[in-house]
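Novice:
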Amino acid sequence: MVRTDTYATGCFYFGLNRIYDWSPVSKEEEATKEAIFGCDFVEGKTGSGNLNPEAVTITVHDVAPALKAYYPWTSMEKNGLQPIGSAHINIDMAKAKATADDKLDTYVECNTYIRDIGDEDKDNWVVLPDSSPASFEVIYSN
């Protein structure tokens, strides 16, 4: 985490399990589909999460090519190190100071999605079946 008078920034990291000869995209769909990570603001376990925090932005880096090259996994020797995804969180400190006390709760949930190759419209993405999200809380004050 880095914090200045104007911004704070940090990253969350996440990945998929290594299961022998497993791939998030089936052999039948590998020519048209890819796996990708995506994150959203959620209500969180308390139900108080701000779904549209003006002070916080998330950038999820596209690791679809790395995931495609890595899976199906067979060994460290063949596949190398496991690719990880990252969610880069930025907080605009001026906007954070202007945020009402009851809007400070900010929760992020990151999932693995299957999408058509290159499809940027998240509404078309499908959560990877049988996967679990990575959940995070972003804490900041006004």
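Per this note's numbering, the sequence shown runs over residues 1030 to 1171. Each residue gets a CB set at the ideal place from its N, CA and C atoms; glycine is no exception. The structure displayed is predicted, hence computed values, not measured ones.
Check each candidate in P1162, S1115 and T1141 and name the one with the smallest Cα separation from W1154.
Specialist: Position 125 of the sequence shown, counted from the start, is the residue given in the question as residue 1154. Of the listed residues, the one whose Cα sits closest to W1154 is T1141.
Novice: Using C-beta distances below 8 Å, list every residue in its chain close to V1137, excluding the 5 sequence neighbours before and after it, in chain order.
Specialist: Residue mapping note: residue 1137 aligns to position 108 of the sequence shown, counting from 1. F1041, C1068, D1069, F1070, V1071, I1087, A1116, I1118, S1164, F1165, E1166 and V1167.
Novice: Would you list the one or two residues that DSSP bridges to H1090?
Specialist: Along the sequence shown, one-based indexing puts residue 1090 at 61. Answer by DSSP bridge pairing: none, since H1090 is not bridged.
Novice: Flag this pair as yes or no: are the beta carbons of T1135 and P1082 separated by less than 9 Å?
Specialist: In the sequence shown, counting from the first residue as 1, residue 1135 sits at position 106. In the sequence shown, counting from the first residue as 1, residue 1082 sits at position 53. The answer is yes: Cβ separation under 9 Å.
Novice: Let me know the beta strand (DSSP E) ranges lying completely inside the segment 1066–1140, each 3 residues or longer, listed in chain order.
Specialist: Those beta strand (DSSP E) runs which fall completely within the segment 1066–1140 and span 3+ residues are 1085–1089 and 1114–1121.
Novice: If you draw a straight line from the alpha carbon of A1127 to that of S1170, how long is it in whole angstroms?
Specialist: Against the sequence shown, residue 1127 aligns to sequence position 98. Against the sequence shown, residue 1170 aligns to sequence position 141. Taking the straight line from one Cα to the other gives about 10 Å.
Novice: Using a Cβ-Cβ cut-off of 6 Å (strictly less than) and excluding sequence neighbours within five positions of K1132, which residues of its own chain qualify?
Specialist: Walking along the sequence shown from the start, residue 1132 turns up at place 103. The answer, listed in chain order, is N1079.
Novice: What are the boundary residues of the beta strand (DSSP E) that includes T1038?
Specialist: For the purposes of this step, residue 1038 is identified with residue 9 of the sequence shown, where counting begins at 1. First-last of the beta strand (DSSP E) with T1038: Y1036 to F1043.
Novice: On the three-state DSSP scale, how would you describe K1151?
Specialist: Within the sequence shown, residue 1151 is the residue found at index 122, counting from 1. Helix, per DSSP.
Novice: Taking the straight line between their C-alpha atoms, what separation do you get for I1143 and A1084?
Specialist: Along the sequence shown, one-based indexing puts residue 1143 at 114. Along the sequence shown, one-based indexing puts residue 1084 at 55. So the two alpha carbons sit approximately 29 Å from each other.
Novice: Give every residue of the same chain whose Cβ lies closer than 8 Å to the Cβ of L1096, excluding the five residues on either side of it in the sequence, and list them in chain order.
Specialist: The residue labelled residue 1096 in the question sits at position 67 within the sequence shown. Hits under 8 Å: L1045, P1053, E1063, A1064, I1065 and P1112.
Novice: Can you tell me where the beta strand (DSSP E) holding E1166 begins and where it ends?
Specialist: The sequence position of residue 1166 within the sequence shown is 137, counting from 1. Per DSSP, E1166 belongs to the beta strand (DSSP E) from A1163 to V1167.
Novice: What did DSSP end up calling K1218 once you bin it into helix, strand or coil?
Specialist: This structure cannot speak to residue 1218, because the chain is shown only from 1030 to 1171.
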